[in-house]
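Visitor:
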Amino acid sequence: SDWLLWRGMAWNGRRSGGRPRQVIVFLLCVCVWQSGAESLRYSLAEEMERDSFVGNIAQDLGLAPSQLAARKARVVFEGSQQLFRLNPSSGVLTARESLDREEICPQSETCTLFFTVFFDNPLQLIRGEVEVLDVNDNSPTFSEKEMVFEIPETTSPGSRFLLDTAQDADAGSNALQNYILGSNSHFSLSLGTEKDGAKYAELLLDQQLDREEQKELNLRITAIDGGSPPRSGTAQIRIVVLDANDNTPMFSQEVYEVRLPENSPPGQPVVRVLATDPDEGSYGKVRYAFTQISKGSAQLFDLNPDTGEVRVVGNLDFEDTKNHKMVIKATDGGGNSAHCKVQVEVVDPALSVNAESGDVYALRSLDYERLRALEVRVRATDGGRPALSAQAVLRVLVRDENDNAPVVLHPGGESGAGELVPRWAPAGYLVAKVVAVDADAGQNAWLSYELAKATEPGLFRLAPHSGELRTARAVAERDAPRHRLVVLVRDRGQPPRSASATLAVALLHRFSDAHVRLSHEPPPAEPDQTLRLYLIACLACVSALCLATGLAALLIKVRRDRRKRDEPLPTFPTAVADSDAGSLPRSLVYDVCLATGTLSSDFRFLGPFLPCFPAEVTPGVAPQRSSVCSQASSRLGEGGD
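Per mature numbering (1 follows the signal peptide of the UniProt record, and there is no 0): the sequence shown = residues -37 to -1, 1 to 604.
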């Protein structure tokens, strides 16, 4: 506004040409400015086309368009660029060109352009403003397309890492509003707002990192504004996990066992231990060293600290020390360590090479069953300087000898085995199978079977190759019930070796089909436990009932016998009188009746004296003889006469 005043003063001064007139004009302009002239307000969206309509000044001021031209109305905008122009004929204010709000008003929440309308005749100044409205024509952008963070794997969860802020040239609701982080299992976003309203994001560690599991993580962050539709911008986040010494070396084996001939030359490799550490850099580099080794073993073996290879450096002696034990320690660059054991067994060599002639000798007897082949590395060295040498591998194959007799597996034991055969067995019935093995190889292990002895040779036959014992014919009733068989197992070596086995076969006369099947099939399952209890209870009840019945019968018998003994004897007749002569009156003679047919016996006096009185006889009354007694009496009288 001051610039406009000075321009008005200068313009009037040039026309009048005198200082007093400039002062008057200045005072007049100040008065007009202070008089509260009308103010015009317009708005225009950015990115509009050229000559876009802004407003009608003549209409807004209530003036006819002809007055603008008569009074020489003109528009002057603050600044060096005149972005708008006034049509004096119509009074319409238009944009000279398409406006870019971000270029006109960078980093500003609002964009307002001020202008002044000058009128002559009389002089009049009217202030106005045009607000350039923002449209969402810019996407959020990051200053770097990739953000790199180096984070140690020992970093604790909850740690925060500030991310670069995205920039959005738009303002208001079209400006940056939010950040979104791509899906991952280790990080999340923490959003915040500065005092000036700018939003920022921090990377929050949720789960501890592990370099051995994942060395790098690649994430994507997206910045979103509030326009409609929203616009966005993305950037990459690369997380480099820095290694920490969180792993110890680990050996491939806890114990290394080696067999070494005593004539092994110096420099002969013994074993190579291997320890690995998943850490990176110096933390993953492993060095080896002996920690526990005897003084004698230390003079015989050497360890490479970088490769872990153990070599012979001295002369091994089987008679001196047969076993060497040592402990090797593996240490990484961070000080973590692990241990393993190495056990070297010095074996007496089976072969020896003459240093002068090169002849190979066997130092001990070889056993084909224990060692079938030998490999010997022979080195020949000349006497030059430096000495030149060559190596060759001598492979010795041990030939088998028939030094092992067959071993019978079935039937086992010294007493042999027993087999049951039914009497109805037909020809070809399988009785048993003889099984034998031989530790030798080749022809020396081929076995044949034969019956060396049999109680009845024609009844059984033995397969020479399979060892199956079968009946040669049907079993007959005349065959003996028991048979003893001796089986001879022989190999085909030179000289042949043999072994024998004994079989006892029993022929069962009444051997049922079910019983035969039981000998060849799995035994039936035992009855249920509950049924077994029921059977035992029933047997006990029956036994108790039988015992009670027997006791009851015995008691009844005893009571009857006792009752018979307690009954009174019959009363003798009163007519019987004592006689010193020992004879009774003829009319009162009675016979002893024991049983039918005993009356004619000559030894009647030996029987018990028991008179046969009828039940109707009463004392003092003449008796009436029974028919039996009457007959006896008559015969007795006849004898007396």
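Here a beta-carbon is modelled for each residue, glycine too, at the ideal position from N, C-alpha and C. It should be emphasised that the depicted structure is a prediction, and the values quoted were computed from it without experimental measurement.
Just to confirm my understanding: we take VAL273, look at its own chain, exclude 5 residues before and 5 after, and list those with CB closer than 6 angstroms. What are they?
Guide: Only VAL233, VAL234, PHE264, LEU266 meet the Cβ criterion.
Visitor: Is the distance from the Cβ of ALA353 to the Cβ of ALA343 below 8 angstroms?
Guide: Contact flag set, yes.
Visitor: From the DSSP output, in three-state form, read off ASN226 for me.
Guide: Here ASN226 sits in coil by DSSP.
Visitor: Give every residue of the same chain whose Cβ lies closer than 7 angstroms to the Cβ of ALA443, excluding the five residues on either side of it in the sequence, and list them in chain order.
Guide: Counting only Cβ-Cβ distances below 7 angstroms, and skipping sequence neighbours, we find THR418, GLU419.
Visitor: Residue ranges of each beta strand (DSSP E) run of no fewer than 3 residues wholly in the segment 111 to 145, ordered along the chain?
Guide: Here the runs fully enclosed are 123 to 125, 139 to 144.
Visitor: Between ASP182 and GLY145, what straight-line distance do the alpha-carbon atoms span, to the nearest angstrom?
Guide: Checking the displayed sequence, the identity of residue 182 turns out to be Leu instead of Asp. Near 6 angstroms, if we compare the C-alpha coordinates of GLY145 and LEU182.
Visitor: With distances taken from CA atoms, which of PRO212, CYS74, HIS149, LYS108 is nearest LEU96?
Guide: Of PRO212, CYS74, HIS149, LYS108, the residue nearest in Cα terms is CYS74.
Visitor: Please check the pair VAL452 and VAL397, which I expect to be a contact at CB under 8 angstroms, by giving their CB distance rounded to whole angstroms.
Guide: Going by Cβ atoms, the distance from VAL452 to VAL397 rounds to 7 angstroms, so yes, they are a contact pair.
Visitor: So the alpha helix (DSSP H) GLU65 belongs to, where does it begin and stop?
Guide: Segment 64 to 67, the alpha helix (DSSP H) holding GLU65.
Visitor: Please classify PHE16 as buried or exposed, where buried requires at least 16 neighbouring CB atoms within 10 angstroms.
Guide: PHE16 comes out exposed.
Visitor: Out of ALA426, ALA467, TYR392, which has the shortest C-alpha to C-alpha gap to GLY379?
Guide: With distances taken between Cα atoms, GLY379 lies closest to ALA467.
Visitor: Reducing DSSP to helix, strand and coil, say where THR247 ends up.
Guide: It should be pointed out that residue 247 corresponds to Gly in this sequence rather than to Thr. Reduced to three states, the DSSP call for GLY247 is helix.
Visitor: Which stretch, first to last residue, makes up the beta strand (DSSP E) that contains PRO389?
Guide: Counting along the chain, PRO389 falls outside any beta strand (DSSP E), and DSSP gives it neither H nor E.
Visitor: Nearest by alpha-carbon distance to ASN286: which of ARG424, SER300, SER260 is it?
Guide: Comparing Cα positions, the closest option is SER260.
Visitor: From ARG335 to GLN406, what distance separates their C-alpha atoms?
Guide: So the two alpha carbons sit approximately 16 angstroms from each other.
Visitor: I'd like to check one pair, LEU410 with ASP401: are the Cβ atoms closer than 8 angstroms?
Guide: A contact, by the Cβ cut-off of 8 angstroms.
Visitor: Quick check: the Cα distance between ARG340 and ASN317, rounded to an integer number of angstroms?
Guide: Cα to Cα, the separation comes out at about 13 angstroms.
Visitor: Using DSSP's beta-bridge definition, name the partner residues of MET289.
Guide: MET289 pairs with ILE256, VAL305.
Visitor: Quick check on VAL505: buried or exposed, where buried means 16 or more other Cβ atoms within 10 Å of its Cβ?
Guide: The residue is exposed, with fewer than 16 neighbouring Cβ atoms inside 10 Å.
Visitor: Start and end of the beta strand (DSSP E) containing SER153?
Guide: From DSSP, the beta strand (DSSP E) with SER153 extends over 150 to 156.
Visitor: Going straight from the alpha carbon of HIS373 to that of ALA388, what length do you get?
Guide: So the alpha carbons of these two residues sit roughly 22 angstroms apart.
Visitor: Using CA atoms only, rank isn't needed, just tell me which of GLY25, VAL449, CYS501, ASN99 is closest to THR465.
Guide: Out of GLY25, VAL449, CYS501, ASN99, VAL449 has the C-alpha closest to the C-alpha of THR465.
Visitor: Quick check: the Cα distance between ARG13 and THR57, rounded to an integer number of angstroms?
Guide: Cα-Cα distance, rounded: 8 angstroms.
Visitor: Under the three-state reduction of DSSP, which class applies to LEU26: helix, strand or coil?
Guide: DSSP places LEU26 in coil when its eight states are reduced to three.
Visitor: Could you give the distance in angstroms between the alpha-carbon of THR294 and the alpha-carbon of SER151?
Guide: Between THR294 and SER151, the C-alpha separation is close to 38 angstroms.
Visitor: Do ASP127 and ALA138 have their CB atoms nearer than 8 angstroms?
Guide: Going by C-beta atoms, ASP127 is not nearer than 8 angstroms to ALA138.
Visitor: Looking only at its own chain, which residues have a Cβ that is under 7 angstroms from the Cβ of VAL39, when we skip the five neighbours before and after it?
Guide: LEU(-34), PHE78, THR79, PHE81, listed in sequence order.
Visitor: Between which two residues does the beta strand (DSSP E) containing THR197 stretch?
Guide: From DSSP, the beta strand (DSSP E) with THR197 extends over 195 to 205.
Visitor: Tell me the DSSP secondary structure of LEU383 in three-state form.
Guide: Strand.
Visitor: Classify SER119: buried if its beta carbon has 16 or more other beta carbons within 10 angstroms, exposed otherwise.
Guide: Exposed, since its Cβ has fewer than 16 Cβ neighbours within 10 Å.
Visitor: To the nearest whole angstrom, what separates the beta carbons of LYS304 and GLU175, a pair I think is in contact under 8 angstroms?
Guide: Contact doesn't hold; Cβ gap of about 27 angstroms is too wide.
Visitor: Per DSSP, VAL234 forms a beta bridge with which residues?
Guide: BP columns for VAL234 point to VAL273.
Visitor: For the candidate residues VAL203, VAL98, SER61, whose alpha-carbon lies nearest to that of GLU109?
Guide: Comparing Cα-Cα distances from GLU109 to each of VAL203, VAL98, SER61, the minimum goes to VAL203.
Visitor: Whether or not the segment 296 to 310 and the segment 211 to 228 are in contact is what I'm after, with contact meaning three or more pairs of Cβ atoms, one per stretch, closer than 8 angstroms; do they touch?
Guide: Judged by Cβ distances under 8 angstroms, the segment 211 to 228 makes contact with the segment 296 to 310, as three or more pairs qualify.
Visitor: In angstroms, rounded to a whole number, what distance separates the CA positions of HIS149 and GLN199?
Guide: In a straight line, the C-alpha of HIS149 is about 16 angstroms away from that of GLN199.
Visitor: Which residues does DSSP pair with LEU3 in a beta bridge?
Guide: Answer is GLY91, bridged to LEU3.
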